[in-house]
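See structure below.
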Amino acid sequence: MKCTVCREPAVIDMRRHNSNFCATHFTKFVRDQTVKAIDEFEMMTPGDKVLVAVSGGKDSLAVWDILLDLGYDASGLYIGLGIGDYSDNSKNYARDYANSRGVELIEIDIVEEYGYDIPDGSRAARRAPCSACGLSKRHLFDQAAIDGGFDVLVTGHNLDDEAAVLFGNVLHWQTEYLGRQHPVLPARQGFPRKVKPLVRLGEREMAAYCILSGIDYIVDECPMAVGNKHIGYKNALNEIEKNSPGAKADFYLGFLRKAAEKFTGESAEAREALGECSQCGAPSPSEVCAFCRLVEKATRQPVEISRKKVAP
Amino acid sequence: MLVRLRHPNREIEVSGPISVIKLLNRLDLNRESVLLVRNGTLVPGDSMLDDDDVIEVRPVISGGYA
Chain A
523 MKCTVCREPA VIDMRRHNSN FCATHFTKFV RDQTVKAIDE FEMMTPGDKV LVAVSGGKDS
583 LAVWDILLDL GYDASGLYIG LGIGDYSDNS KNYARDYANS RGVELIEIDI VEEYGYDIPD
643 GSRAARRAPC SACGLSKRHL FDQAAIDGGF DVLVTGHNLD DEAAVLFGNV LHWQTEYLGR
703 QHPVLPARQG FPRKVKPLVR LGEREMAAYC ILSGIDYIVD ECPMAVGNKH IGYKNALNEI
763 EKNSPGAKAD FYLGFLRKAA EKFTGESAEA REALGECSQC GAPSPSEVCA FCRLVEKATR
823 QPVEISRKKV AP
Chain B
150 MLVRLRHPNR EIEVSGPISV IKLLNRLDLN RESVLLVRNG TLVPGDSMLD DDDVIEVRPV
210 ISGGYA
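These protein sequences, in sequence, are chains A and B. Take 523 as the starting number for the first sequence in our numbering and just add one per residue. Take 150 as the starting number for the second sequence in our numbering and just add one per residue.
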């Protein structure tokens, strides 16, 4: 198998693009697709101060690496979730990467700073672990980006992530969520601008990018996520992709082109109803935001910290 | 050859030569969900794997979404 571009031996075959690439041209392909997404959706400009949410996994480390190579001023943000060895290991991958590039990594540890961890906290709050984790991370990402004066918050969500979420939202006709599913969420009161530069790239491609770029990442799956619905949707979509290469890209990118705008009205109505959390000041549809309620239930104590400052 | 698998971590012996695609079919794995790594680099789908190879089958699906 030869590289479609230079005819040297290929290291990866990409059926959805009917192409094979050597390491050099695969890396170029990944960067080009990232730039294309950034430009197409007007995600950010080179002068922006960028905060990348980093988990220690392949996608977040890859997007950080690509943005740094493209010349962006990009710091990392790692949230310690208290998930035993998994959290310890993932933090080390994030730190090692930051050290290797000589870039800033902001760390927030929910056990030290808020007094709960995801395994026990989710049980106490009677939430699924992934739900408590997602809620905590979204809140702390927003807060750190706002408090640190960043222009844009970047996450490593890739094409497979977005296609799986779309699949779940369509399966249950979650029309409000469909209206929000866009690779760019503009900044508004209390929320930073949020962007997903990897939406044109699948997770097989992101793992390949890390291997070929020498980026060490945590390969083990989060023990809390094993068997969750999101993984089930990804497996279902990959079964379709196996026999119909390009199906995931058609599904998600086609949704953005042809259908997403039909659902934006319902999301906008829900957003207009947001007030301010009486405890932390974050945007909230209720008097106390979902994060503060989670912390209260997880620790049996009210949140005393108001819009905690994070040193950049 | 020695084939290292994850989730859960385990090792199995497979006789070569065998193509990547045939190995994945034998292991009942979807090629969209894994990458094969030999000597630290990727192995494309049509490659032949030999008896003395050590192969890592690396899953690429992750489950978190925030």
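Glycine residues also receive a C-beta, built at the ideal position from the N, C-alpha and C atoms. Quantities reported herein were computed from a predicted structural model and do not represent experimental measurements.
*asked:* Taking DSSP's pairing of strands, which residues face SER612 (chain A) in a bridge?
replied: DSSP lists no partner for SER612 (chain A).
*Got a sec: is the Cβ-Cβ distance from GLY669 (chain A) to anything in chain B below 9 Å?*
The question names Gly, yet the displayed sequence has Asp at residue 669 (chain A). No, no contact with chain B.
_Considering only DSSP beta bridges, list what VAL674 (chain A) is partnered with._
A:VAL572 and A:ARG715
*Quick one: is the Cβ of GLU725 (chain A) within less than 8 Å of any heavy atom of the ligand GDP?*
Among the ligands in the structure shown, none appear at all, so the ligand GDP cannot be discussed.
*State yes or no: is the C-beta of ASP195 (chain B) within less than 9 Å of the C-beta of VAL169 (chain B)?*
yes
*Listing by chain order, which chain B residues have their CB less than 9 Å from the CB of ALA730 (chain A)?*
LEU184, LEU191 and VAL209
*asked:* Going by DSSP, what residue range makes up the beta strand (DSSP E) through ILE632 (chain A)?
replied: Looking at the DSSP string, ILE632 (chain A) is not in any beta strand (DSSP E); the run it does join, the alpha helix (DSSP H), is 632-636.
*Mind checking the stretch 577-609 of chain A against chain B and listing, in chain order, the residues whose C-beta falls within less than 8 Å of any C-beta there?*
SER577, GLY579, LYS580 and ASP581
*Is the Cβ of ASN188 (chain B) closer than 9 Å to any Cβ of chain A?*
no
*To the nearest angstrom, how far is it from the Cα of GLU635 (chain A) to the Cα of ALA654 (chain A)?*
16 Å
*Taking C-alpha atoms, which residue in A:CYS652, A:GLU684, A:ALA559 and A:LYS571 lies nearest to GLY670 (chain A)?*
A:LYS571
*Spatially closest choice to LEU590 (chain A) from A:ILE605, A:GLY578 and A:LEU573, by CA coordinates*: A:LEU573
_Let me see if you follow: with CB-CB separation under 9 Å, is ARG529 (chain A) close to chain B or not?_
no
*Mind checking whether ALA724 (chain A) and ASP682 (chain A) have CB atoms under 9 Å apart?*
Note on identity: in this sequence residue 724 (chain A) is Gly, with Ala being the wrong assignment. Closer than 9 Å, so yes.
_Mapping the DSSP letters down to three states, classify THR800 (chain A) as helix, strand or coil._
Going by the sequence as given, residue 800 (chain A) is Ser instead of Thr. Three-state result, SER800 (chain A): coil.
_What does the alpha-carbon distance come out to for the pair LYS550 (chain A) and LEU184 (chain B)?_
19 Å
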